[in-house]
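For reference, the structure is listed below as structure tokens.
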Amino acid sequence: MYFNVTDYNDPVGAKQIPSKCPGCGTSNCLELQFYQKRIETSFSKRVTSNVSGILFCDNTQSEIASVVWTDEINQYYITEKSKLNLQPKKLSFNKWFYCLIILPLILIASAIGYNMYEEESYTDETKAIEQVHIGEKVMVLYTTTDSNNVTDNGTTWFIVKKIEADSIWVQRHEVFDTEGDVHFDLAASKFTKETLKASLTQFKTRGLFGHDYPSQKFSGYISTLKR
Ligand SMILES: [Zn+2]
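In my numbering, the protein residues as written are 148 to 374.
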């Protein structure tokens, strides 16, 4: 669709005048005709207060140019023009305009809505992690270290085995995914690797750390919890 502007001149009145015609010299053959300008675009319609008039001779069926109008004709023109019943000045928009305006609003609203939904599921998940129970499984972005050197880095799952005071015991899944392409089988029997004792306080804020920071052999970020 391209942008289109069209001017229309709507008739708003006509008046026979008795003056002698500057064209053919006859009397009672002249008519003043008035038009109001309306501008339409692809998106809008505007009624303007712009009024134009022509003088038409019924005798010769032709328009009489304003340059040859007599003072009397000019006076009629001014008087009749002031008596016209004009369309009120108005700007209105069509459906295309509303599509153009509303469509982006819908897109923005959906984007905001989706983000709020995402935010909400993150909040729900955080709550579930705070209220962790034995038997639940967490997906962890996991790093093992050896004397401050990273020895392994990847994703794995842990199952919660025991919660006591400020400690949580979790046992690691048999698969440690370093490529990011593993589909994990979360059957309880698959959690066969080492059991870690970690800080429950840290766990509740998505961290998987040993109590003893300086000599800890692992660190992890909990991204998901499954019951
Ligand atoms: Zn005439």
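Glycine is no exception: its CB is placed at the ideal position from the N, C-alpha and C atoms. The structure displayed is predicted, hence computed values, not measured ones.
Beta-bridge pairing of residue i - partner residues as DSSP gives them
| i | result |
| --- | --- |
| F305 | V285, R319 |
| K373 | K284 |
| I164 | L177 |
| S366 | T290, F356 |
| K340 | Its beta-bridge partners do not exist; DSSP assigns none. |
| V152 | T188 |
| T345 | As written in the sequence, residue 345 is Ala, which differs from the Thr given in the question. According to DSSP, which records beta bridges pairwise, A345 is partnered with I315. |
| P158 | Y182 |
Cutoff 7 Å; reference residue i; Cβ partners in own chain excluding five residues on either side
| i | result |
| --- | --- |
| D205 | C176, E178 |
| F150 | T188, S189 |
| K228 | F181, V198, G200 |
Contacting residues, own chain, Cβ-Cβ under 8 Å from residue i (five flanking each side not counted)
| i | result |
| --- | --- |
| K364 | T291, T292, D293, G357 |
| W316 | V307, K308, K309, I310, T342, L343, K344, A345 |
Any non-hydrogen atom of ligand 1 closer than 7 Å to residue i Cβ
| i | result |
| --- | --- |
| N206 | yes |
| T217 | no |
| C176 | yes |
| C171 | yes |
| C168 | yes |
Own chain partners of residue i with C-beta closer than 6 Å, once the 5 adjacent residues on each side are dropped
| i | result |
| --- | --- |
| A161 | E178, Q180 |
| R193 | I186, L238 |
| F350 | I315 |
| S199 | Y182 |
| I220 | S166 |
| H320 | T303, W304, K337, F338 |
**Q.** Complete beta strand (DSSP E) runs within the segment 178-219 (minimum length 3 residues, chain order)
**A.** Restricting attention to beta strand (DSSP E) runs no shorter than 3 residues, the segment 178-219 encloses them at 191-204, 209-211, ordered along the chain.
Q: Spell out a yes or no on whether the segment 153-166 and the segment 179-187 are touching, meaning 3 or more CB-CB pairs, one atom from each, closer than 8 Å.
A: Between the segment 153-166 and the segment 179-187, the count of C-beta pairs closer than 8 Å reaches three or more; the two stretches touch.
Q.
Does the contact criterion of 3 or more C-beta pairs under 8 Å hold for the segment 257-271 versus the segment 200-218?
A. No, the segment 257-271 does not touch the segment 200-218.
(Q) Runs of 4 residues minimum, wholly inside the segment 210-273: which ones carry the alpha helix (DSSP H) assignment? (A) Listed in chain order, they are 218-229.
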